[in-house]
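Remarks on the structure that follows.
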Amino acid sequence: MIRTLLGDVEGFDGVAYLHEHLILDSPLIADRFPHIHLHDVEAAVAEVTACRQAGAGLMVDAMPISAGRDAVRLAEISRRAGVAIVAATGLHHDRYYGPRHWTNRVGVDRLTELFIADLLEGVDIHDYTGPVVERSPHRAGIVKVATSGESPDARDERNLEAAAAASRATGAPVLTHCEDGRGGLAQIERLRDLGVPAGAVILSHVDKADDPGYLRDLAATGAVLELDQSLRDRDAGLDSRTVRAIVGLVEAGFEESIVVGTDGARRSLWASLGGEPGLAWLAAELPRLLRRVGLDDRVVDLVMHGNGARALSWRPVA
Ligand SMILES: [Zn+2]
Numbered sequence: 005m006i007r008t009l010l011g012d013v014e015g016f017d018g019v020a021y022l023h024e025h026l027i028l029d030s031p032l033i034a035d036r037f038p039h040i041h042l043h044d045v046e047a048a049v050a051e052v053t054a055c056r057q058a059g060a061g062l063m064v065d066a067m068p069i070s071a072g073r074d075a076v077r078l079a080e081i082s083r084r085a086g087v088a089i090v091a092a093t094g095l096h097h098d099r100y101y102g103p104r105h106w107t108n109r110v111g112v113d114r115l116t117e118l119f120i121a122d123l124l125e126g127v128d129i130h131d132y133t134g135p136v137v138e139r140s141p142h143r144a145g146i147v148k149v150a151t152s153g154e155s156p157d158a159r160d161e162r163n164l165e166a167a168a169a170a171s172r173a174t175g176a177p178v179l180t181h182c183e184d185g186r187g188g189l190a191q192i193e194r195l196r197d198l199g200v201p202a203g204a205v206i207l208s209h210v211d212k213a214d215d216p217g218y219l220r221d222l223a224a225t226g227a228v229l230e231l232d233q234s235l236r237d238r239d240a241g242l243d244s245r246t247v248r249a250i251v252g253l254v255e256a257g258f259e260e261s262i263v264v265g266t267d268g269a270r271r272s273l274w275a276s277l278g279g280e281p282g283l284a285w286l287a288a289e290l291p292r293l294l295r296r297v298g299l300d301d302r303v304v305d306l307v308m309h310g311n312g313a314r315a316l317s318w319r320p321v322a
């Protein structure tokens, strides 16, 4: 079972975009990070519709609680563009909150309760930004957690504990943010100690590290590797970090450990906002590059679709 905003599905057709940003709308982002401020439903519907026309079937919106997520707008985008969207609960990097944010003043148990309610009941239409909680009918399908550096700090550790507890209780998979692509091994080790199997963990942005040995070590744990630098590296063609990472992992026998996304939190990447190349590039162009480096249809289909469908499936819980 995969939990999308518009309901649970057994599977889906088309390309799986595993790390997307369709709505990023908080006062902090508008003020400090205007280049990633994404608030326009019309633009998102146009962008995601172009992705569907290029072959997209499902997208994961990777913004978790109280930092610019909006499940109601995401559900509208999903319905109008005809692409399934999986929303995230959990917490992002501290830079999207700031030191005095309420999420930094509560403990593991309170966070865990809030994450589980997002997953099982419905995402708060106010996104946990105020004292009033009103649950939408749209539920989260994945738990996000971020770390920075090679090993988790105290905030990261608390967030890992809450994310793991929510995942253990529900069976929802975990999507991590690896700052500059690094820190994945420590994330896997910690989540595993906390009872989340490596196969239920998707490590984001790891091709940023551009380190073939590191990627093989990550894949050897059984975790899923999300590679999302291909749009940014598109001028490098077959020499892009993403393409080289995929080839290296496939050669090492890890073709079932690879998923892809755009990490498209840049207005400059959206065609509907006047940017280039547009998020549809992933579905339209990446498979061509993968075939040009000699990967066969079975492997291309795993990378573009099958592995993502498996990685997003909830595991049974006792
Ligand atoms: Zn992201």
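254 is the number that my numbering gives to position 250 of the sequence shown; each next residue is one higher, with no gaps. Glycine included, each C-beta is placed from N, C-alpha and C at the ideal position.
Q: Check each candidate in P31, G241, R196, S171 and name the one with the smallest Cα separation from A71.
A: Selected option, being the one with the closest Cα: P31.
Q.
For L344, which residues in the same chain have their Cβ closer than 7 Å to its Cβ, ignoring the five residues on either side in sequence?
A. Nothing can be reported for residue 344: it is not among the residues displayed for the chain, which extend from 5 to 322.
Q. With distances taken from CA atoms, which of V149, E154, R172 is nearest R162?
A. V149
Q. With respect to 6 Å, is the separation between the Cβ of D184 and the closest non-hydrogen atom of ligand 1 below this value?
A. Result no, Cβ not under 6 Å from ligand 1.
Q) So S276 is in the beta strand (DSSP E); what residue range does that whole segment cover? A) First-last for S276: undefined, no H or E at that position.
**Q.** Nearest to D113 (by Cα), restricted to the options G94, H105, L207
**A.** Answer by Cα proximity: G94.
(Q) For ligand 1, is there any heavy atom lying closer than 6 Å to the beta carbon of D3? (A) Lying before the first or after the last residue shown, residue 3 is absent from the chain, which here runs from 5 to 322.
Q.
Does the distance between the C-beta of A66 and the nearest non-hydrogen atom of ligand 1 fall short of 6 Å?
A. For A66, the distance from the CB to the nearest heavy atom of ligand 1 is below 6 Å.
Q. Thinking C-beta only, is G265 closer than 7 Å to L42?
A. no
Q: Starting from Y21, follow the beta strand (DSSP E) in both directions and report where the run begins and ends.
A: 19 to 24
**Q.** Residue span of the beta strand (DSSP E) that contains D12, given as start and end
**A.** 11 to 13
**Q.** Endpoints, alpha helix (DSSP H) assigned at I27
**A.** Here I27 belongs to no alpha helix (DSSP H), and DSSP marks it neither H nor E.
Q | Which listed residue (R139, G226, A313, P281) has its alpha carbon closest to that of A202 | A | Nearest C-alpha to A202 among R139, G226, A313, P281: G226.
**Q.** Status (buried if at least 16 other CB within 10 Å, exposed otherwise) for Q191
**A.** buried
Q | DSSP bridge partner residues for A34 (one or two, in chain order) | A | Looking at the DSSP assignment, A34 forms no beta bridge with any residue, so it has no partner.
Q: Please specify which runs of the beta strand (DSSP E), each continuous and at least 3 residues long, are wholly inside the stretch 195 to 272, giving them in chain order.
A: 205 to 208, 228 to 231, 262 to 264
Q) Could you check where the beta strand (DSSP E) with C151 kicks off and where it finishes? A) Checking the sequence, you will find Thr at residue 151 rather than Cys. Here the beta strand (DSSP E) through T151 covers 146 to 151.
Q) Thinking just about the alpha-carbon of each residue, which of N311, A167, A166, G185 is nearest to the one in E259? A) N311
(Q) I'd like the ranges of any beta strand (DSSP E) spanning at least 3 consecutive residues and lying wholly in the stretch 71 to 154. (A) 88 to 94, 146 to 151
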